[in-house]
Each structure stands twice: as structure tokens, then as C-alpha cells.
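Protein chains in written order, with this note's numbering: chain A, 242 to 701; chain B, 242 to 701. Glycine included, C-beta positions come from ideal geometry on N, C-alpha and C. Single-structure report; data block below.
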């Protein structure tokens, strides 16, 4: 028999519907896999076995009675430790919140539970999704390598088969970067598409919630359960949610996919990444899409614009905690927060102006070139062994650092448009390369359709 | 015969319709009055006699042919020198813009002209509506006294009868303060109600355009011509414009008018102002309104919140001009701009947070106390002879300064709700006191109705 943990969420769900496996079987297989992989990957901050077993039994009871809640019913998932959970500590990777158990679930967690998903535990995050420390988490494909961040544990758990899917957050790339570096799929949906209520915040204008999964279709299924209006989140969109899988198999013949070369394909892109993307684009063309050269001014400013915004916003958010519990922060996180408190309003306002210009330029490019999406490398660089990486925004002594990992992911946080990452092959070193697809606001369905077509075509 | 300049806009308009006077008569009477009053009040920066005479002739020609554009057709008005005008210099009271003539009119000016109004000239403003220098303009009621600002010339021209109405701008009180100190009527309408296109800016979130007139009804007539959607101003509201005069005479019986005592009626309110407001509120009660005590937390923070926002925003707006033409600014304006460049983002973000709290608190007070409006003194202090006033935000050596004048006007800029000022009598010194009415967003009509009822009742 196939190991149950090798299945996608959709495949596992079909087994449940056919009574060929139970929710308890899926959970036990996941927990066994977790026990085996955790010592080398450290994806989980907390494993809530008892809660998970009770949830799996409850799910199976409903399934036995013929009540099916949807494609996540009975599916084991991980939740980034930035989301409030009423039955597990929520520490955001920080001693500052040690032992904190919120009164209620984050809205996204509540939605997963309503969908019948079984939470296995809380996954590791960089401190407050912000810290510069490297957590114990290691890359699922090569345990010597950096897993990316800040939703490191969520991506690693999905890649290591200790969850079928996981919740992450993305303020500058924190869903897409680790998903890409671990060879899985992740989406940062349109700003406001998933509620942020009950998520430890960084920046009101940059924070997004997003799912991580093994296949594009699983990612689409998860978004379908997570998306929706939350009247208690002032940034939540009161717009109907698409059926993200209805047309996912309809192909991409005739689609126009933009490529911008100055920002996304400059000399900073390492050859392995460039080669993988060139191949991926020719696959997209073989599938009937047209690759369109586009120009988007000011993209080069965006990593700075994003960083200024995040530094100031996060520092503002932490002001009270930093005053009361400064010593409990990791030293490098404190440095970032202190730096953020020194940002001038004129820099912040200039950043917001640049952002408005980018939003218009992006809209213009999509309109005037009639684009369905844009394609880019998720990162310009490959992951590296952890000891070679300070992965630090302030230490400039290394050849490669955090700015390199997030350079390509910033723009979609600044514009609010959706961005999907999916694997586009392995480099000769055996490490994965990610392809990023950027879309029109609220048009996640097209991104899934392109990603799914690519994935089907290249599946081994 | 009555002097034509003693009439209200509405009365003058009736004369025109009855052919008892011509637009040219109104203009000539206005210009004669201007010639007499200008040496003592200095309300105008530029008088465009030739343009005005041509406009008056054109208006009269249309009236002769039976084409009536509305209540401002043929009415002489002043325009603050912050508005772009294609046929008159637009210098914003600054040597920085000396000789600048824009290619096109501001949208508000265009609307006035479309309504048939006759622009007499550009009225004096503090430098960029921001300078701390006292302009040559003097109070129309006592030429030794401070006229208020920054729409000083607009309010003084209306009070001195050298315009029937005038355009002002209000970012912290710049329409209401001079209107009140000169004993005339002015409104800062709801944020986004009048287009700001073609107005020299200070702050994207605080700037408003507003009319100044001699009576509440005239102010309502002007707003009716000025309000409306402008697709080229991103903050413009695409909401139908009320008929502000239809129910203006319907009385206020049964209305609930809130009064907040901690912020608006503290010890900082001088006795003359307090006495005038107490009388005014009893008039409102005699007219059938109920005065309701309300509590609005955090109001006391608002002058600081407003100042931080304005300092940073204005400094950001002027960054290029300040770099290129620093020497052309008044020294005190430069100091303000330099101070603004030192505001930290954390202060700015804290100010925006406080503002959100105020907006909700204000909404809650209106909803839970079922208020139609709130009443307050427009200023807590009386105007003073100019030589007693540094009128300076930085010099703390004087007993009274700019912060005292704008203390009560800040909140409506920060919430975006409408605020009307109208005279509520003269103090024993002969100087005027203003009553401020704050309303629900887009409910200017109710403010006009209350103001008109009060005005009718107290008219001598």
C-alpha cells in the first residue's frame, strides 16, 4: 500500500470518501512521519496530538454519518505559530509570548476547523515573523540548508509530509520564500481576501495570510476554504469567493503571460534559477500561452520601499511590548525594532508614494498588454547551507542574505495583487527552484489554472 | 438706494433676476468697496479687474437672453491664492511661486465659473497656507486685529463687502478660523465632497476646500455649486450632491444637538466666548432642539495628532521645492518644513492610530446619542491686536498663539466630518464670536438648517 502521507490533499480526501482510509489513519500516518522527520527538520513548535486525535475522530464520525464538509474534511494540517489557537500555545517564535494561549482561534484557523481540517500542531516561525535569528528548522530537501522564512515550519512540514497543507503569513514573501525553497506550492492571495483577525501582526498594509500545499490544486482547495469576508477585520473584502478549482484544468491556450526582465531577470539571478525559468517559460509557450515582454518602472525601488514600510509598521506595532519586555526579544529582533523606530515620516511617506506609483504601473501593464499573469523567479538565488548564511538584514559580510531571498516577493505585498509560487524543477544540485506567477487583483483562479497546467505537463 | 454690497448673495441674485441691477452693477459696487477697504484690510493679493469686467458683461449678456445658470450667476467672488487660476497669478502667498500662472483652473474655480460667478481676484493666504508670518491682511471688524488664517483674505473680503462669497481651504481650520474671527459664515464640508484638483496641497488626508459667505444660506448655495464628483481627484466622493437649501427653513424642532464639555468648554475658553455660546445654546433650545451632553474620549490629543500629521505631510509635499528654492521661503515657513522632516514614522503612525480611534468615537457618539449635530465654540479665544500676537507654533513666549486658534477646528479635519462656523454675536469688545456645528459625514444640509434657524432667530 502507498504511504498515505505521499498523497496530495485531494487524493487523501478521495480515499476518505471511498472509505478506503479514515481520518484517523491519515492522522496516524502523519504523526508517524512527523516523528521520523522532526529530529532533522524541526518544522513544529508544538504538536497537539491529543487535540488532533479528537478532531480526527470527530471528523471520521461525521464522514461515517455521510456528512462531508468539503475537500479538507479529515485532512491533517499545520498552522504557523503566528495564528491564535485556543487549544495550543501561540508564541510567535518568541519568549515574549511564552505560554500565551489566546481565548479564541484566528478567523483563518476557525475556517479551517469549520472545513473539517485536523490541526496537527503549530509550526515554527522566525521570531514574530521578523527575527533575524535562524530558527532550528531545516530545509526538507537538504537538511543542511536554510528553509526560508518566516513560515519556515509550515513549508517544511508540507514538504516533509508531516502535514498535507499548512497556514502561513506573508508580509514580504514569508509564504512564498519557504514554499519555493522547499519545493512546494504557496499563494499570497489578494490583500483582504483572507481575514487577518487573530494573527500576530507586523504591518497593516503588508500582512497577508496564505496557504501552503503540495500541489497547485491543493493550494486552490485550501484558499477556497480560507477566503471570505470577515466583518471584524477592517481590511477584509466583502466580495464573493471564486470557485478556484472549477476551471483549473481548462488549460492556458491563448493566455498572455508577461515577463519583466530588468528587475526579475537581471545579473543578480544565478544561472541555475535562470535556466529553470527559461525552461518553464518554454513549457508555458508549448501549452499555448504567449510570453509578452513588459516594462514596469520603479520595480527596482520596491525592496527598499517594502523594508521601510515594514520596519516602521512593525516597530509601531511592538512599541508597548518592547517597552515592557525588551529583554525577552532575540537581540537581532530588537535591533530591527529599534531601527524601525528611527525611520523618518518623510521616508515612510516617500515609500507610500512610490507604492502608489507601482500600483498604477502594474495595473497599466496588465491592462495595456492585456496580461493574464506575469512570471518571474520566486527567488533570484538558491538556498545555501545554513552555516554559509547569516540571513541577516544588517550584516553585510555575507555574499548572500535575506534581501536576496525576498527581493522578488516584495512587489506583490506592496500592490496587494495575488502571487503564487510553484516548483519549476530541481537545479543540478538537487535543490528546488520556484516560479512566481503574479495576477490581477482577485484573479487567483487564473494563477491556479496556469500553475496547474504547468504542473500537469511537467509531472514525472 | 441700499448699497448693493450690503446684500447677501441670494438677495443680489434676486435683483439680477428682477433686472433691478446688472452683473456689471454688482461688480462695480464691489470694486468701489474694494478700493475703499483694501488700504486698511489688504484682503486681495491680486485684483483682476479686466477679467472680472469681461466675466460680468458675459454673465449679464446671458441673463439678458434669459439664460440663468443659478444663484451665483453674475455674483462677484474672491478666490484664495492657493487655487490654480489660468488668468491670474497663483503664488500661494510665497516668493517661491512668484509669477506662476497655471495652465488651467482648479476644479473648484472651474465650477464657480460654470455657475456664472465673477472672480474679482485672488485673496491673501499665509505662505502656502502654512507660514507663521502674519500677512498684511487685517481683521475686517477691527483693523488693528488679527484676521485669522490661512484663508485670511477670503474671510476678510467677504466681511469687508469686497466679495459676496469666497473660496478657502481648510487643513486644520483655515476656512473656519478666519470666517469666525471676521464674523462671517464658512464650512469645511465632508472630506472628498469638493474636488482638490488644482489646489496647492499641504496634506492629502487633511486638506479640504470650503466656501465662505455672509449668511448660512449663501454658504449653502455656494456649496451646492462647488460639491460634486471629480474623477481626476482620487479622494473625490462619487455620491449625489444634496440640495442644501431645500429644507433650510424647516426649523430644528426635535433635533438633538450634542455638547462635549471637556475638550470644547474647558478653562481654556475665555469668558466672552463661553457666554456667547451659552446664549446660543439656549436659543437653539428655544427653537425646539435638545442639547445632549456627550463624551468623546481622546479629543484632547487631536491638536497634537493634527499637527504631527500636517508637519510631516507638508514637509513631504515641499521636499523638492525646499531643496531647489529654500531661500525663497519665509524663514518661519522653512523652520516648519525642516521640523516636519524630523518627524519620526512612529509618531506619524501613532497619530494615524489616534485618528482612527477618534473617528470611531465620534461615530459612536452620533449613533448612540442619536445626534443631528454637535455644537462648540469655533475658537476658545478672541482675536487680538496683531502686535500682541506672535501667532507662531514655535514661539511660546506669548500668552496666545496659533494653537489656541485652531484647537477646536482640528477634530473635523481628522475625522473628515463636516463643520460649519457662523457668528453667534459680538462680545462686549465688539469683536465676533463663532459657533461651530459638527455634523455627520455628508450631512451638511442639517448643519445649514440649524445655522439658518439660529441666524433667522437672532437677526437684528
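Just to confirm my understanding: we take residue i, look at its own chain, exclude 5 residues before and 5 after, and list those with CB closer than 6 Å. What are they?
{"i": "residue 556(B)", "result": "578, 581, 582"}
{"i": "residue 377(B)", "result": "283"}
{"i": "residue 689(B)", "result": "457, 461, 485, 489"}
{"i": "residue 476(A)", "result": "433"}
{"i": "residue 469(B)", "result": "482"}
{"i": "residue 521(B)", "result": "665, 676"}
{"i": "residue 553(A)", "result": "581, 584, 589"}
{"i": "residue 296(A)", "result": "359"}
{"i": "residue 497(B)", "result": "531, 533, 611, 612, 613"}
{"i": "residue 463(A)", "result": "406, 452, 454"}
{"i": "residue 328(A)", "result": "292"}
{"i": "residue 281(A)", "result": "384"}
Would you list the residues sitting across from residue i in a DSSP beta bridge?
{"i": "residue 532(A)", "result": "498(A)"}
{"i": "residue 411(B)", "result": "449(B)"}
{"i": "residue 678(A)", "result": "616(A), 661(A)"}
{"i": "residue 604(A)", "result": "Looking at the DSSP assignment, residue 604(A) forms no beta bridge with any residue, so it has no partner."}
{"i": "residue 285(B)", "result": "364(B)"}
{"i": "residue 668(A)", "result": "Note: residue 668(A) sits in no beta bridge, so no partner."}
{"i": "residue 585(B)", "result": "585(A)"}
{"i": "residue 429(A)", "result": "660(A)"}
{"i": "residue 386(B)", "result": "626(B)"}
{"i": "residue 406(B)", "result": "318(B), 454(B)"}
{"i": "residue 673(A)", "result": "667(A)"}
{"i": "residue 440(B)", "result": "324(B)"}
Counting contacts by CB-CB distance shorter than 9 Å, is residue i in contact with chain A?
{"i": "residue 584(B)", "result": "yes"}
{"i": "residue 557(B)", "result": "yes"}
{"i": "residue 581(B)", "result": "yes"}
{"i": "residue 594(B)", "result": "yes"}
{"i": "residue 560(B)", "result": "yes"}
Could you name the residues of the same chain whose beta carbon sits closer than 7 Å to that of residue i, not counting the 5 residues immediately before and after it, in chain order?
{"i": "residue 595(B)", "result": "539, 542, 546"}
{"i": "residue 364(A)", "result": "284, 285, 286, 319, 320, 321, 322, 394, 395, 398, 407"}
{"i": "residue 438(B)", "result": "347, 348, 471, 473, 474"}
{"i": "residue 512(A)", "result": "none"}
If we define contact as Cβ-Cβ less than 9 Å, is residue i a contact residue for chain B?
{"i": "residue 371(A)", "result": "no"}
{"i": "residue 307(A)", "result": "no"}
{"i": "residue 354(A)", "result": "no"}
{"i": "residue 690(A)", "result": "no"}
For a contact defined as C-beta to C-beta under 9 Å, what are the partners of residue i on chain A?
{"i": "residue 608(B)", "result": "Correct list: empty, because the minimum Cβ distance to chain A is about 16 Å."}
{"i": "residue 553(B)", "result": "585, 586, 587, 589, 590"}
Starting from the beta carbon of residue i, find every residue of chain B whose beta carbon is closer than 7 Å, and list them in chain order.
{"i": "residue 539(A)", "result": "Result: empty, since nearest Cβ-Cβ is about 17 Å, beyond 7 Å."}
Between residue i and chain D, is any beta-carbon pair separated by less than 9 Å?
{"i": "residue 409(B)", "result": "Absent from the structure is chain D; the protein chains it does hold are A and B."}
Check the Cβ of residue i against every Cβ in chain A and list those closer than 7 Å, keeping chain order.
{"i": "residue 437(B)", "result": "Those within 7 Å of residue 437(B) in chain A number zero; the least Cβ separation is about 16 Å."}
{"i": "residue 417(B)", "result": "What residue 417(B) touches in chain A: nothing, since even the nearest Cβ is about 26 Å away."}
Please work out which residues of its chain come closer than 8 Å, Cβ to Cβ, to residue i, disregarding the five sequence neighbours upstream and downstream, and give them in chain order.
{"i": "residue 209(B)", "result": "The shown model of chain B, from 242 to 701, leaves out residue 209(B), and the question about it has no answer."}
{"i": "residue 333(A)", "result": "322, 323, 366, 368, 369, 370, 441"}
{"i": "residue 502(B)", "result": "534"}
{"i": "residue 654(A)", "result": "411, 412, 413, 414, 429, 447, 449, 547"}
query = Whole beta strand (DSSP E) runs in the stretch 316-368 of chain A with 3 or more residues, listed along the chain?
reply = 317-321, 359-364
task = Identify every run of the beta strand (DSSP E) within the stretch 253-278 of chain A, keeping only runs that are complete inside it and at least 3 residues long; order them along the chain.
result = none
Continuous alpha helix (DSSP H) assignments of at least 4 residues falling wholly in the stretch 452-513 of chain B = 457-467, 502-505
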